[in-house]
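Numbering (our numbering), first residue to last: 143 to 433.
Read the structure below first, then the notes.
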């Protein structure tokens, strides 16, 4: 991709890159790109459109049975505690949502010509919404969403194609010291996922650094849950993504979801005392595991 990009810039007059990247306003750049897109669309034939539908992994339909998927979605919403507010997210989000809120390479996101990007992770979007609600004075914010997302990277799991659906939770609150806030948020999230997955739930945690939260898992979280919560000290995935504690969510030896504390609402609000816990599960993975 980098080589193609450099060849493109080399064909343009000097200063073109600077003009497009920073010399034009968003509205000016958008107008230029829309003109280019319109002219390129004029060359698309029905036959070419059909080939793209068959060959482009970003647009091919999912293999999941939508009737079974709807049943999974309904059960998740029915089990969700009332303290979690449901949010119907847009399929688009501001450009930079994934790479600014979270450390994600922009190449893994589908960007648009209108200064937006196709939703790739609803936890990022809910973190922004949580920050808005926290700034408005809401004490503790608990949000949930179910969204189909698009990601450019390839995945190993059969249900993780270029587009797939996630059911996510995001909670944000101000730190009260000694890891007590984090313990409360962990209990809320883990109780829900255990209710969803049942007695065969495989819930794990990894502490990437020593903190009071690690102590609260032993003396507060585990007693409150009364379900198996296994430590996974060998885990390294997400060490640069999560802040301190990461969660694993699975069943029957299959990883279905992930989670952990982030600095997202703290960064968005400019307040280091903000705490944010995210967790999610693949609804298609859950549907397949229950088949």
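Ideal placement from N, C-alpha and C gives every residue a C-beta, glycine not left out.
Computed from a predicted structure; not experimentally measured.
(request) Could you say which of 306, 158, 397 and 377 lies nearest to residue 342 if we only look at CA atoms? (result) 397
(message) Does residue 284 pass the burial test, meaning 16 or more other C-beta atoms within 10 Å, or should it be called exposed?
(response) It is buried - the Cβ of residue 284 has at least 16 other Cβ atoms within 10 Å.
(message) I'd like the span of the beta strand (DSSP E) that includes residue 424, first residue to last.
(response) 416-424
(message) Would you call the segment 424-432 in contact with the segment 313-328, where contact means no fewer than 3 C-beta pairs closer than 8 Å?
(response) Between the segment 424-432 and the segment 313-328 there are fewer than three inter-stretch CB-CB distances shorter than 8 Å, so the stretches are not counted as touching.
(message) Suppose you measure from the CA of residue 153 to the CA of residue 146; what does that come to, to the nearest Å?
(response) 11 Å
(message) Among 392, 313 and 413, whose alpha-carbon lies nearest the alpha-carbon of residue 335?
(response) Of 392, 313 and 413, the residue nearest in Cα terms is 392.
(request) Please state whether DSSP places residue 165 in a helix, a strand or coil. (result) helix
(request) State buried or exposed for residue 400, treating a residue as buried only when at least 16 other CB atoms are found within 10 Å of its CB. (result) buried
(message) Considering only the alpha carbon of each residue, which of 353, 409 and 171 lies closest to residue 388?
(response) Answer by Cα proximity: 353.
(request) Please classify residue 406: is it buried, with 16 or more other beta-carbons within 10 angstroms of its beta-carbon, or exposed? (result) buried
(message) With a threshold of 8 Å on Cβ separation, who are the neighbours of residue 158 within its own chain once the five nearest residues in sequence on each side are excluded?
(response) Hits under 8 Å: 151.
(message) So, with DSSP's three-state summary, where would you put residue 273?
(response) In the structure shown, residue 273 falls within a helical segment according to DSSP collapsed to helix, strand and coil.
(request) Could you tell me the distance, in whole angstroms, from the CA atom of residue 418 to the CA atom of residue 240? (result) 16 Å
(request) Identify, in the order they occur along the chain, each residue of the same chain with its Cβ nearer than 7 Å to the Cβ of residue 293, setting aside the five sequence neighbours on each side. (result) 250, 262 and 304
(request) Would you tell me roughly how many angstroms separate the C-alpha atoms of residue 168 and residue 179, rounded to the nearest one? (result) Rounded to the nearest angstrom, the two C-alpha atoms are 16 Å apart.
(request) Could you pull out every residue in the same chain whose Cβ sits closer than 6 Å to the Cβ of residue 242, ignoring the five residues on either side in sequence? (result) none
(request) Indicate whether residue 255 and residue 176 have their beta-carbon atoms separated by less than 8 Å. (result) yes
(request) Could you check if residue 403 is buried or exposed, using at least 16 other CB atoms within 10 Å of its CB as the buried criterion? (result) Under this definition residue 403 is a buried residue.
(message) Beta-carbon within less than 8 Å of residue 166's beta-carbon, same chain only, minus the 5 sequence neighbours each way: which residues are those?
(response) 174
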